[in-house]
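Heads up: the structure comes next, in structure tokens.
Residue numbers (the numbering used here), protein chains in the order written: chain B, 17 to 106; chain Z, 16 to 197.
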């Protein structure tokens, strides 16, 4: 499937292309291509989209681990109730 | 004392004469079902329920209205978009009126939330209602349709959706009314 994030992951900007879906069951297609570079294939866009999703997930996991680490360090002098409040509000 | 002025033609000192024969028959279509739209994809709006179509000019398969006669028309849409309750950072809602398959005019809503927000802290449950009204000179056989594009800072797949409605509450709808022959 052609996606905006897949094309951005390949290094293209919003000005380089326009995506369209005519709601006729045919799905998303590139209705305008303004870049001087060759238009990538659907397979290349899908591959880039998978890389984007993997990077987003890795970033989210890293942030979650950092959050847990911070809470555990702060919580050494807190009661379980106070730690629960911190987890809920941080 | 009351006074009434009845005219059916206005002739300006210069320019074209306007014939006032506004049509009391109006076209009105709305959305019952919701429609998922991918991030940054200009998507044809599916308006699935006809409220009034006296000329039978709406194509439900193509989601477009065929103008029945030459004239000056008021073309209006009121389209509501929602982020599905996920913090996607909904930034822009852009609605296009298409005439005969090409962009004719555009309306845009922007959400200027703090750029320092993250995927976690971006506004959630964002609801945008884009209202777009244009007066257009149109010819018999012209085809009108609506496209919309959403931009999210932290898009989910699938992304945002148009909000549907019911018989009473039309959250997303459009109407076309003939103002005058020109």
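C-beta: ideal position from N, C-alpha, C; glycine also.
Sorted by chain position, which residues of the same chain lie with C-beta nearer than 6 Å to residue 92 of chain B's C-beta, five sequence neighbours on each side aside?
Contacts found: none.
Can you tell me whether residue 73 of chain Z is buried or exposed, with buried defined as 16 or more other CB within 10 angstroms of its CB?
buried
In the structure shown, what three-state DSSP assignment does residue 52 of chain B receive?
coil
With a cut-off of 9 Å, does the C-beta of residue 29 of chain Z fall near any C-beta of chain B?
no
Using 8 Å as the Cβ pair cut-off and three pairs as the minimum, do the segment 66 to 77 of chain B and the segment 87 to 99 of chain Z touch?
no
Mind listing the chain Z neighbours of residue 44 of chain B? Cutoff is C-beta to C-beta under 7 Å, in chain order.
53, 56
Who are residue 50 of chain Z's beta bridge partners in DSSP?
Z/177
Under 9 Å between beta-carbons, which chain B residues line up against residue 59 of chain Z? List them in chain order, please.
36, 37, 38, 39, 40
Using Cβ-Cβ distances below 8 Å, what residues of the segment 18 to 29 of chain B are close to chain Z?
So the list reads 19, 20, 21, given in the order they occur along the chain.
Residue 15 of chain B and residue 38 of chain B: beta carbons closer than 9 Å?
No answer is possible for residue 15 of chain B: it lies beyond the span of chain B, which begins at 17 and ends at 106.
DSSP puts residue 122 of chain Z in a beta bridge; with which residues?
Z/110
Thinking just about the alpha-carbon of each residue, which of Z/63, Z/118, Z/76 is nearest to the one in residue 57 of chain Z?
Z/118
Within the 9 Å Cβ cut-off, does residue 141 of chain B reach chain Z?
Absent from the structure is residue 141 of chain B, since the part of chain B shown begins at 17 and ends at 106.
Report back the beta-carbon spacing between residue 149 of chain Z and residue 112 of chain Z to the nearest angstrom; my notes put them in contact at under 8 Å.
Confirmed, about 6 Å.
Using a threshold of 9 Å, state whether the C-beta atoms of residue 188 of chain Z and residue 66 of chain Z are closer than that.
Cβ distance < 9 Å, so residue 188 of chain Z and residue 66 of chain Z count as in contact.
For chain B, check one thing: does any of its Cβ atoms lie closer than 9 Å to the Cβ of residue 45 of chain Z?
no
Give the secondary structure of residue 105 of chain B by DSSP, where H, G and I count as helix, E and B as strand, and everything else as coil.
It is helical.
Please work out which residues of its chain come closer than 8 Å, Cβ to Cβ, to residue 47 of chain Z, disregarding the five sequence neighbours upstream and downstream, and give them in chain order.
63, 64, 179, 180, 181
Alpha carbon to alpha carbon, how far is residue 83 of chain Z from residue 174 of chain Z? Give it in angstroms, no decimals.
About 36 Å.
Give the residues of chain B in contact with residue 78 of chain Z, contact being defined as C-beta atoms less than 7 Å apart.
39
State yes or no: is the C-beta of residue 60 of chain Z within less than 9 Å of the C-beta of residue 163 of chain Z?
Between residue 60 of chain Z and residue 163 of chain Z, the gap from beta carbon to beta carbon is short of 9 Å.
Quick test of the definition: if touching needs 3 or more C-beta pairs under 8 Å, does the segment 139 to 147 of chain Z touch the segment 102 to 116 of chain Z?
Result yes; three or more Cβ-Cβ pairs closer than 8 Å.
By the three-class DSSP mapping on this structure, what secondary structure does residue 58 of chain Z have?
Strand, per DSSP.
List, in chain order, every chain B residue whose beta-carbon is nearer than 7 Å to that of residue 170 of chain Z.
The answer, in chain order, is 21.
Can you check whether the CB of residue 78 of chain Z is closer than 9 Å to the CB of residue 106 of chain Z?
Not in contact: residue 106 of chain Z and residue 78 of chain Z (Cβ atoms no closer than 9 Å).
Return helix, strand or coil for residue 19 of chain Z, following the three-state DSSP convention.
coil
Could you say which of Z/139, Z/168, Z/80, Z/186 lies nearest to residue 102 of chain Z if we only look at CA atoms?
Z/139
What residue does the alpha helix (DSSP H) around residue 63 of chain B start on, and which one ends it?
Here the alpha helix (DSSP H) through residue 63 of chain B covers 58 to 90.
Since residue 47 of chain B contacts residue 34 of chain B with CB under 8 Å, what's their CB separation in whole angstroms?
5 Å
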